[in-house]
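In what follows, a structure is listed as structure tokens, so that the remarks can point back to it.
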Amino acid sequence: MKEKTGYLLLSTGDVLEGKWLGSEQATEGELVFNTSMTGYQEVMTDPSYAGQIITMTYPLIGNYGFNHVDNESIKPFLNGLVIAHPSHHPDHYQLRDTLEEMAIKHGIPVLYDIDTRAVTRIIRKNGEVYGKITSDKQDFPTKLAVARDIVNNVSVQRITPLKANSNYAGSSNCHVVLWDFGYKQSITRTLKSLGCDVTVVPYDTPSGTIKELHPDAVILSNGPGDPESLSHLAGNIKTIAECYPVLGICLGHQLIASAYGAATKRLPYGHRGSNHPVRNTAQGKVMITSQNHGYVVDDETIDKTIWDISYININDASIEGLKHRQKPVVTVQFHPEAHPGPSDAHTIFEEFFSTILKREAQYA
Amino acid sequence: MPKLQYIRKVLVIGSGPIIIGQAAEFDYSGTQACLALKEEGVEVILVNNNPATIMTDHTTADRVYFEPLTLESLTSIIQKERPEGILPTLGGQTGLNLAVSLSEAGVLEQYDVELLGTPLNTIQKGEDRDIFKSMMKTIGQPVPESLSVTSVEEAVAFSEKAGFPVIVRPAYTLGGAGGGIAENEQELISAIKHGLDVSPVAQVLVEQSIKGWKEIEYEVIRDANDTCIIVCNMENIDPAGIHTGDSIVVAPSQTLNDRQYQMLRTVSCNVIRELGVVGGCNIQFALNPESDEYVIIEVNPRVSRSSALASKATGYPIARIAAKIAVGYYLDELVNPITGNTYASFEPALDYIAVKVPRWPLDKFRNVDRTLGTQMKATGEVMALARNFPAALNKAIQSLDLGMDHLPWLKDWTNEAIEKALIKATDERLFVTAEAIRRGYSLDGIHELTGINRFFLNEIAAMTDVEKQLTGKKLDVISQDEWKKAKTMGFSDKTLASILQKDVRAVREQYSDLGIAPSYKTVDTCAAEFSVETGYFYSTWNEVNETMPLEGQKIVVLGAGPIRIGQGVEFDYCSVHAAMSLQYQGVKAIVINNNPETVSTDFNTADHLYFEPLTAEDVLAVMQNEKADGVMVQFGGQTAINLAEELSRSDVHVYGTSISAINAAEDRDAFYQLLQKLEIPHIPGKMVTDLYEAVSTAAEIGYPVLVRPSYVIGGSGMVVLHDESELTTYLNGLKSEAPVSAVFPLLIDRFIPGHEFEVDAVCDGKDILIPGVFQHIEKAGVHSGDSIAVFPAPDIAGWQKQLIETYTTSISSALNLKGMVNIQFVLSEDREELYVLEVNPRASRTVPIASKVTGVPLIDLAVRVQMGASLKGQSWKLGLHDDIPYYAVKMPIFSSAKLPGADPYLGPEMQSTGETIGLGTTVSQALAKACGWTEGSLLDMTTQKSVYLSFGPSVAGLPHKLLSLLSDLPVPITADSETAAALGKAGVDVDCEMGISEARTACSENGFELVCDTQKSFLADDHTRLRMDALAMNMTCLTSAETLLAYLEASLQAKEAPVPINEYLHTKRGLNRRKEHVM
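Protein chains in written order, with the numbering used here: chain A, 1 to 364; chain B, 365 to 1443.
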């Protein structure tokens, strides 16, 4: 196999030499690291990574290849991938593509033979780092921010209805609007398996249109970019949150908090991985969660007369979830739909729907 | 929840002597647990009769009982100490079983002792296969289907439900005899017919086979608040069917996708919650490689070998955290000690791969069955960390200390032998797999035969590809990329030198000039997400070096590598103490070792820990990286001292005894010359270079002779030969075993079956300090590691002690020894002449015992001497110390029953895997404690069964005391006719005469309480087979009259009450101290 030299150039001035996997297609973006040891396929297809170059801290990537069941979106939106050692000969019963085939099929720039631990340490030290994958050793990144309209690139363009699984195990049997800021398909898979009919709506759908769909509940999805760039949606979001049971996930959580006046801020270098411990503040119980976010809701700006802080991060005490004191509105910073990562937080969905059912019973 | 305040004193049960399946990992976990408890202000009472451990050190526990691990002994200790709590889940199966017995006997209730951590009924649910299976069924978790059948029809019906293959296990047969795997109905019918025939109860267990499935383990921790985390998962490269202790294992799993990883993670948490584990737990799965179907193989609700491995592989100290949980803490209250700024309630993320390879003792035994299966055979293991699989595997192979630096070429193997070895796994399968790839076997084909996932096979193929690319190349045409690739994949300089037919130095210079160099990364539990302050490192190539050399004076201490027969946990004790001593002296300690089971590889032991192979290349690289002042080689057994010469040739400062002195002690010819110069008698012996010379030399020296090949071939080591025909048979045998290797030179010594003594001395070149003399129970000819030894020596004359002191002094001055030395002596049968047998210029197996029972910190003194201090300046008396007022008995413990095909007859080649200790006010008392080390290990004097004796035609050489004990023995005696006649003449009545072959039958029907057969001829015969049968039936099997005497004496004693070592030491306060230091 012919190996072609490529470089990772960073906004910090660092230059790392590696090799191209697949086609030599220069790319740039915000450089972030993910510490999951499995689940590179889910990471690579998660729309929240749009505009970013991901480095996987686990050095062996591609060992079990790619399959047809674990994609999180119809295509990968990440800007590039930086890894240490690709597997050229994966072995798995569901194997469909190798990493290289995946990279070529979707035009993902991939650089390997990189000291990804060194990259991670650079990000940890500098916080916000931008990178460029290129064949030109002098070609430093010039885009030093993620595009403000990034969500527009990943959200559905029109309203899309999805039917519940016919043999679902749950008992919710309701209609959910999924407000799409770049949703992961694991969210819709979970909802359908719980018996929900789902209508996915574009990120800029007016609240009136949502109301016309007569949902039993609304879920605000995850998605890429800075939540402040969506501040124009605040009114819409608050209107919906005042009327329906609402669950916010990741970016969705941040948008709801913002709609109620809270501020968001950048984490030093984000939480991206499958091992983040959060504590349920009411019960004192701990869950290990899947996370992928660079921004966080600022604790000091939350109106505690409206919101309870329902979850906090055990390591850095950052906010991991909010619960409206009166209304059935709950938000979580982590990913209860998992994939990749543990499914400890699956209960978030179950609790959310049981609240709805109880509410319906109450008003019936 | 914070610590439970009412827990002030806790009893910790250790795992006892090292046996196959229960090794140093429990010293590591036990030590961690004791220290974690002490940190909480809890007084720790420890019971463990393994003297070679760190956990039994005065620094680890408050009061240490070297007492038998029996219900009786534990009960009296509880009665005496009255602890509030007992922690049973850190001492392996032994600790767990004892806790169950204590509870069942009502002892815990009677003395109001709380069982800390995982509750008892959880332990029982995990331990009892039937309860476990039915419990898993109630929570909907699959376990392998099985059924007891008494007819072919039932078995066939089962197979229709469970599918093929089916495992067939006849009930109650010896060692699982008659069992097997049926691939189809025809095979099943014939297997069941056969099984019903051989089973004494005509019953056969049929079980769904998971052979070929992936074997996956999860290490879980749960606290009382129900927080449940996975510390690590692991994947066996060898598919299910081989004991996980005998499998090559990677962490984390490599071939599971996230869906599968999380599926098994969730199941692990659910099962552990259902069981109610509070602490560490291991759960093993088999996962169908063709689907997501899985079954739970077993659950161990305690820390284990795997949890030690997981702790080292991730940096997350499972045992330590488990101990804290046991006294009440929640995981989210405990700081992760490796980062210091995150909490224990998270799951480690690795950014490297860990590979574990077992170390087997199978090359040590002739005729032993090397097949791997459900019975574990490995004595130890190595772990390697790297940023890719080939590098980790290469490092692991280098760490094994088997004299290979790489997947060895098996040029002598036929293709047929290769194929056979691929199908039937042995300890050599990894090597065979690589060789098959070299020979062009398709990876698919190898996958079919071995079941090993193609991902791993491709990675091995990548390694053999690099060999191929480099073979025959000239140094200067190898590109920078090629060098980089080879070094990144962990090819050692020695391997590259041999592939390229150049010397190591030339290879190293060539790539170093191209800027290719090792660098070091940190093990931090979090893939660099958080900053850490802990110095736990591994090497990688061509990456960013993130280590900073320690400041100030710093010295490297070499560890001993994997636990194996002949090099056990005692050397870990020595390395750890060497590091501690340096730290006491204000010197930074850097430890290099590769054994994941040990305390020395705990990141808290030294200032910096490098998890690396113990080769000159790796040690030099670490020393360069740290700019270390020098290296200490005396404390890591033979592994460490073997590196001394190469290290000093590379201009590294080797502390202590000089290389020339080490060589003078280890080279037999030089050693004899030295002794002659010093006028110290030695056993007549000579190096010979051919068969003719061997025969004439042996005749000259006189038979019997002790022969030791200087080059050990196929594991056959030293033997005692009685005449010329045995000598020629033996030598011809060696030649045919290894036609290409050199059999010569060979050392031939006169064999003197006298009384053996040994000492461990600290020397500073001028003065010496000997804490006491060990006396061996068995006569010379039995390896010192296999002998029962008494300390201080009870049957030694004053002049003999004086000679021992004088000889030690003169050897020490002649060689200018600095540090530890072990010297073995033999006193002729007539007790007239004292010979020096051998000198080991390093810390030995007996150092921990001598230190612990006398309180003399031998390793600390040795390190101080090596740092330039004089013995005179220390607080202990010089010379041979006065006897302590009590006795210690060290008794070897064998795992031979787990190695079918090995003759347990004790000879010059060591066989024991561990040792136990007994203390007492008299020798017999100490013997009673040592021989009674575990439940039922003494002879039951009320038994109806007999003891079987075979001593040969004469009992003239037997100790008189043995004859008198035998004649009064309440247990019936059976003997062969020769022995019966000889005993009869000596006044001992034999109850029953029985020939050897009859005895074998009786033995297999469990007819004896004990077999003592001292007859050994050169070739295997019925005596050999009788001994093996006795082992297979779990009977006490002794092979010398002296051992039998000690054992009978021990069995006839009424045992003294348990006394902690602290109290014994108190009775000798001031003894052997210099006056000014006596308080």
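Heads up, the beta-carbon is just placed ideally off N, CA and C, and yes, glycines get one too.
- Here the alpha carbon of B:P960 sits roughly 11 Å from the alpha carbon of B:G923.
- Rounded to whole angstroms, the Cβ separation of B:S393 and B:V667 is 5 Å, and the two are in contact under 8 Å.
- DSSP places B:A588 outside any alpha helix (DSSP H), giving it a letter other than H or E.
- Between the beta-carbon of A:G80 and that of A:T35 there is about 18 Å, and that puts the pair past the 8 Å contact cut.
- With respect to B:L860, B:V871 sits close: the two C-beta atoms are nearer than 7 Å.
- Using a 10 angstroms sphere on the CB of B:M996, the tally of other CB atoms reaches 16 or more, which defines it as buried.
- Note: B:Q572 is bridge-paired with B:V530 in the DSSP secondary-structure output.
- In summary, the residues of the segment 888-913 of chain B whose CB is separated from some CB of chain A by less than 9 Å are C890, A891, A892, E893, F894, S895, T904, N906, E907, V908, E910, in the order they occur in the chain.
- Along the segment 87-111 of chain A, going in chain order, the ones with a CB nearer than 9 Å to a CB of chain B are S87, H88, H89, P90, D91, H92, Y93, Q94.
- Nearest Cα to A:S155 within the set A:L144, A:H88, A:I104, A:G225: A:G225.
- In the three-state scheme derived from DSSP, where H, G and I count as helix and E and B as strand, B:W847 is classed as helix.
- By alpha-carbon distance to B:L1383, the top candidate from B:Y1428, B:A1266, B:N968, B:L1402 is B:A1266.
- Note that the C-beta distance between A:M44 and A:L16 is not below 7 Å.
- About 12 Å separates the beta carbon of B:M1358 from that of B:D1377, a gap too long to meet the 8 Å contact definition.
- Close CB contacts of A:Q41 within its chain, under the 6 Å cut and outside five residues either way in sequence, are with F66, D70 (chain order).
- Non-local C-beta neighbours of B:V830 in its own chain, meaning closer than 7 Å and more than five positions away in sequence, comprise K849, A850, M853, F855, ordered along the chain.
- Look at A:P277: its C-beta is under 7 Å from a C-beta on chain B.
- In the DSSP secondary-structure assignment, A:Q291 is bridged to A:G273.
- A residue is called buried when at least 16 other Cβ atoms come within 10 angstroms of its Cβ; A:A259 meets this threshold and is buried.
- In the structure shown, the three-state DSSP call for B:I1337 is strand.
- By the rule that beta-carbons nearer than 7 Å mark a contact, A:E42 touches chain B.
- Contact between B:V1059 and B:L1091 is confirmed by a C-beta separation of about 6 Å, below the 8 Å threshold.
- Annotated three-state conformation of B:T1021 is coil, per DSSP.
- Collapsing the DSSP output to three states places A:V176 in a strand.
- Judged by beta-carbon spacing, B:I1160 lies beyond the 7 Å limit of B:L1244, meaning their Cβ atoms are not closer than that value.
- In this structure the segment 424-431 of chain B does not lie against the segment 620-640 of chain B, because fewer than three pairs of beta carbons, one per stretch, are closer than 8 Å.
- Relative to the Cα of B:P1212, the nearest Cα in the group B:V1319, B:K1262, B:F1155, B:P725 belongs to B:F1155.
- If you draw a straight line from the Cα of B:V659 to the Cα of B:T395, it is about 34 Å long.
- Look at the beta carbons and you see the segment 1232-1239 of chain B not touching the segment 1198-1218 of chain B: under three pairs across the two are nearer than 8 Å.
- Residues of the segment 309-331 of chain A that bring their beta carbon within less than 7 Å of a beta carbon in chain B comprise I314, N315, in sequence order.
- When Cβ pairs closer than 8 Å are counted between the two stretches, the segment 743-756 of chain B is seen to touch the segment 965-977 of chain B, the count reaching three or more.
- For B:A1233, the three-state secondary structure derived from DSSP is coil.
- For A:D91, the number of other beta carbons within 10 angstroms of its own is at least 16, and it is reported as buried.
- B:P1336 has its alpha-carbon roughly 40 Å from the corresponding atom of B:Q1164.
- For B:Y937, the enclosing alpha helix (DSSP H) starts and ends at 934-948.
- For the pair B:N1180 and B:A1029, the Cα-to-Cα distance works out to about 12 Å.
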